[in-house]
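Residue numbers (the working numbering): 9 to 318.
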Amino acid sequence: SRLTIENRHIKIISPTHTIMSSSLPNDVSLEEDESSCQSFYDPIVSTSPLRKSHELAARVDTTSITPPQPQPKQNKIDTFLSLYCKWTASSTLSERGIKMAQWTVWLLSQLSKNKNKVLSSSLRKLYSDLSMMRYVLRLYGMPVAIEGVRSGSWSGGKWKDSRIHKLSTLMAWSMVLYHPLEHLAWAQWTMPKLIPKSRVDGNRLSAWSCRFWAVYIVADFYGSILKNRELEEEKCAKQQDADPEQQAIEKTMFMNKLQIVRNIFYIAPCINWALDDWATNPWLSENWCNGLSLAEAITCMYQSIYPLGD
């Protein structure tokens, strides 16, 4: 335990909680600056103040001391709201939530196509609107990609394998090229009178943006494999270490495995959208293309929610 004085307020504190807390009597004066907080851990260094503190503690009125109260446990509503606030604080996580909603709405539209055409067409329009909303949210992506190129932060830490850093830089550069092409395509689609297709072909620009996205997917896929190889070696080297460190490595490896699965789901739709005639003569049927996108969205949602409980 330790005793502290701050602003004429005396506390006796144990390593886990405050044992006693009360104000000093008015007739007591301190030689030290009353605005400073004094903690006495070493009786050799602070013999005089420590003795004075014990004398003062003997004169403190302890009748009003309240025992420490246990912290109330969060109920399910508070836990949900806490996680929700973490989620909405990130534009990336918000975009992932809208992506999940987009492909779920598409699935519901397909399932209701033969049973309720009004509902199906309404859901189809909502699916299209959610898709355009995601284009707007990705307007934030260009500066993030530039920062990744300049700082190398996309590697996600320090790695012994230099290929991981090179691949992360390649990923950042691919997004530097991806975003402006997608922004122009989105602008042409949403403002065709202002930007006619004869001047700017939005479909063609979108195809080129997806080619750079394909580079990102392949680099991310290989980089995640290399990261897990290095983490596996680190895990084997630290078999005798504390469990929390082992658990942290295993958790990171699991997140990388989810990233690999996401890239597998993504690559075929990406190739489909990267072809010149993707809008008029697609390589994949809509059910295959959007079904794989839905599978990726589900994996991505789990990957995003998984660490929020920490």
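Beta carbons: idealized from backbone N, C-alpha and C, even for Gly.
Model, not experiment: these values are computed from the prediction.
Problem - Outcome for E40 when other beta-carbon atoms lying within 10 angstroms are tallied against a minimum of 16 - result: Its pLDDT being 44, under 50, E40 is placed unreliably in this model, and the value from its coordinates should be taken loosely. E40 comes out exposed.
Problem - Contact check, W221 vs C278, beta carbons under 8 Å - result: yes
Exercise for the section: Kindly indicate which residue of T288, I233, W296 and N280 has the alpha-carbon position closest to the one of I268. Expected result: I233
Practice task
Tell whether a beta-carbon distance below 8 Å holds between L175 and G231.
Solution key: yes
Handout entry: Range covered by the alpha helix (DSSP H) that runs through K94
Key = K84 to T96
Exercise for the section: Take N211 and list the residues in its own chain whose beta-carbon comes closer than 6 Å to its own, dropping the five residues that flank it on each side. Expected result: A287
Practice task
Please work out which residues of its chain come closer than 7 Å, Cβ to Cβ, to L134, disregarding the five sequence neighbours upstream and downstream, and give them in chain order.
Solution key: V113
Exercise for the section: Could you tell me if T70 is buried or exposed, where buried requires 16 or more neighbouring beta carbons within 10 angstroms of its beta carbon? Expected result: Any reading at T70 needs caution, since the residue's pLDDT is 48, under 50, leaving its predicted position unreliable; the model's value is listed next. Classification of T70: exposed, given that the 10 Å Cβ count is below 16.
Practice task
Identify, in the order they occur along the chain, each residue of the same chain with its Cβ nearer than 6 Å to the Cβ of R132, setting aside the five sequence neighbours on each side.
Solution key: S117
Problem - Residue span of the alpha helix (DSSP H) that contains Y135, given as start and end - result: K125 to L145
Problem - Cutoff 8 Å; reference I225; Cβ partners in own chain excluding five residues on either side - result: N271, Y274, I275 and C278
Exercise for the section: Return the CA-CA distance between K123 and D285, expressed in angstroms with no decimal places. Expected result: 32 Å
Exercise for the section: Count the CB pairs spanning the region 188 to 204 and the region 258 to 266 that are closer than 8 Å, and state whether there are at least three. Expected result: no
Problem - Beta-carbon gap between N162 and M150 smaller than 8 Å - result: The displayed chain sequence assigns Trp, not Asn, to residue 162. Not a contact, by the Cβ cut-off of 8 Å.
Handout entry: D228 classed as buried or exposed, judged by whether at least 16 other C-beta atoms fall within 10 angstroms
Key = buried
Problem - Inter-residue Cα distance where the pair is Y148 and Q247 - result: 42 Å
Exercise for the section: Look at the Cβ atom of W167, then the Cβ atom of H173, and state whether they are nearer than 8 Å. Expected result: yes
Practice task
Assign E155 to buried or exposed, taking buried as 16 or more other Cβ atoms, counted over all protein chains shown, within 10 Å of its Cβ.
Solution key: exposed
Problem - Residue range of the alpha helix (DSSP H) that includes A287 - result: That residue, A287, is in no alpha helix (DSSP H); it is neither H nor E in DSSP.
Exercise for the section: Work out the CA separation of S206 and K235 for me, nearest whole Å. Expected result: 46 Å
Handout entry: Pick from N295, M108 and A282 that is closest to V223, judged by C-alpha positions
Key = A282
Handout entry: L115 and L302 closer than 8 Å at C-beta
Key = yes
Handout entry: Candidates K121, D137 and S102: closest to W194 by CA position
Key = D137
Handout entry: With 16 other Cβ atoms within 10 Å as the buried cut-off, status of A245
Key = exposed
Practice task
Within its chain, find whatever has a CB closer than 7 Å to the CB of R171; leave out the 5 residues flanking it on each side and keep chain order.
Solution key: L234
Problem - Same chain only: Cβ atoms within 6 Å of M108, ignoring 5 sequence neighbours per side - result: A305 and M309
Problem - Three-state secondary structure (DSSP) of W167 - result: coil
Problem - Nonlocal neighbours in the same chain, by C-beta distance under 8 Å from Q311, ignoring five residues either side - result: M263, L266, Q267 and R270
Exercise for the section: Indicate whether S130 and Q110 have their beta-carbon atoms separated by less than 8 Å. Expected result: no
Practice task
Would you mind sorting S44 into buried or exposed? The rule is 16 or more other CB atoms within 10 Å of its CB.
Solution key: Bear in mind that a pLDDT of 40 at S44, under 50, signals an unreliable position, so the model cannot answer this.
Practice task
Drop a sphere of 10 angstroms on the beta-carbon of A3, count the other beta-carbons inside from all chains shown, and report buried for 16 or more, exposed for fewer.
Solution key: One cannot answer for residue 3 here, as it falls past the ends of the chain, which runs 9 to 318.
Practice task
Check each candidate in T177, L189 and L145 and name the one with the smallest Cα separation from R158.
Solution key: T177
Problem - Option in R237, H187, E240 and K125 with minimal Cα separation from V144 - result: H187
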